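Read through the structure below, which is laid out as structure tokens, and then see the notes.
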Ligand code: PEP
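In my numbering, the protein residues as written are 11 to 279.
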């Protein structure tokens, strides 16, 4: 059974979509849709940098939180074009995506840079969602488990258990992102459980901790209203990181409602 103590999370990654007025309108529609609701999951919106301030203003009196899609790991300095953790915090950002596969694929992010960004996020008390997942080629060559284990281990290098209280991990198979193909729910759950076990293995020497058991693990990859219920039924899957279906309130609000329904079913057990 799913652990009711782990937070349930629905996160919307808007990628490089929406200008400022479009972003405000979407945030308003989502904020309106959850107004006054109880038993909600944590809901986080990740607009582009250019709309963070505007969306932050809209979300201020709502239960919806603000996240950023990327940041640099330095506190500041001569890094043209980059944005620091403190600049994001100044805008009211609470969550940060780290190592999204599009950043790894198109912008040269590596397991090492993911580790630096995770350390910077934790240092500044930004809540990190670290993304991991295999490519199609890796899956077809039975490398899924090895790749995911390596990505998780590298992300957590040199960190202490006590630092990980706010960590969230997203399992996002690259072949399922933006393709309309979802990873079968049971298989996604198996990999989420592997991630949990890998996190525990990273801190094996500290026998008092099973930190992996308390970390929310999300699934991402073509999640939509028709797939979410089965996904949220899985024992090791605590929510979703959503791209395409986060771009309209019509698609995104039903995902939040499904998580709310799941939370209520776990409470009543
Ligand atoms: C994502 O951007 O993290 C993602 C999972 O996208 P999509 O839902 O469109 O596959």
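Ideal Cβ positions, reconstructed from N, Cα and C, are used throughout, including at glycine.
Computed from a prediction, not measured in an experiment: that's the story for all the values here.
inquiry  = On the CB-based measure, 16 or more other CB atoms within 10 Å of its CB, does residue 69 come out buried or exposed?
reply    = The residue labelled residue 69 in the question sits at position 59 within the chain shown. By the neighbour-count rule (16 or more Cβ atoms within 10 Å), residue 69 is buried.
query = Excluding sequence positions up to five away, which residues of its chain have a Cβ less than 8 angstroms from the Cβ of residue 167?
reply = In the chain shown, residue 167 corresponds to position 157, counting from 1. For residue 167, where only same-chain residues beyond five positions count, the Cβ hits under 8 angstroms are 125.
ask   = So is residue 13 buried or exposed if we call it buried at 16+ other beta carbons inside 10 Å?
value = For this step, residue 13 is matched to residue 3 along the chain shown. By the 10 Å Cβ count, residue 13 comes out exposed.
query = So does the stretch 269 to 276 actually touch the stretch 192 to 205, counting three or more Cβ pairs closer than 8 angstroms?
reply = no
ask   = Cβ of residue 251 within 7 angstroms of any heavy atom in ligand 1?
value = Translated into the one-based positions of the chain shown, residue 251 becomes position 241. Within the cutoff, so yes.
message = Taking 7 angstroms as the limit between beta carbons, can you name the residues of its chain near residue 101, skipping five residues before and five after?
response = In the chain shown, residue 101 corresponds to position 91, counting from 1. If we look at residue 101 and ignore the five residues flanking it on each side, its Cβ neighbours are 62, 63, 66.
query = Nearest CA to the CA of residue 226: which residue from 138, 74, 27?
reply = The sequence position of residue 226 within the chain shown is 216, counting from 1. Ranking 138, 74, 27 by Cα distance to residue 226 puts 138 first.
query = Which runs of the alpha helix (DSSP H), 4 residues or longer, sit entirely within the stretch 105 to 140?
reply = 111 to 116, 121 to 133
ask   = Which residue spans inside the stretch 41 to 84 form an unbroken beta strand (DSSP E) run of at least 3?
value = 52 to 56, 74 to 78
message = Need the endpoints of the beta strand (DSSP E) that residue 22 sits in, please.
response = Position 12 of the chain shown, counted from the first residue, corresponds to residue 22. From DSSP, the beta strand (DSSP E) with residue 22 extends over 19 to 23.
query = residue 167 by DSSP, collapsed to three states: which one?
reply = Taking the chain shown and counting its residues from 1, one reaches residue 167 at position 157. Note: residue 167 maps to coil in three-state DSSP.
Cα-Cα separation between residue 243 and residue 199, rounded to whole angstroms = Locating residue 243 in the chain shown gives position 233, counting from the first residue. Locating residue 199 in the chain shown gives position 189, counting from the first residue. Using only the alpha carbons, I get a separation of about 10 angstroms.
request  = Would you check if there are 3 or more beta carbon pairs closer than 8 angstroms linking the stretch 108 to 119 to the stretch 133 to 153?
outcome  = yes
ask   = From 192, 257, 278, pick the residue whose C-alpha is nearest to that of residue 32; which is it?
value = As a first step, residue 32 is located in the chain shown; it is residue number 22 there, counting from the start. The shortest C-alpha separation from residue 32 is found at 257.
ask   = So, using beta-carbon positions, are residue 9 and residue 59 closer together than 8 angstroms?
value = Nothing can be reported for residue 9, as the shown portion of the chain is limited to 11 through 279.
task = Measure the Cβ-Cβ separation of residue 233 and residue 21 and say whether it is below 8 angstroms.
result = Reading the chain shown from its first residue, position 223 is the one you call residue 233. Reading the chain shown from its first residue, position 11 is the one you call residue 21. Result no, Cβ atoms of residue 233 and residue 21 do not sit closer than 8 angstroms.
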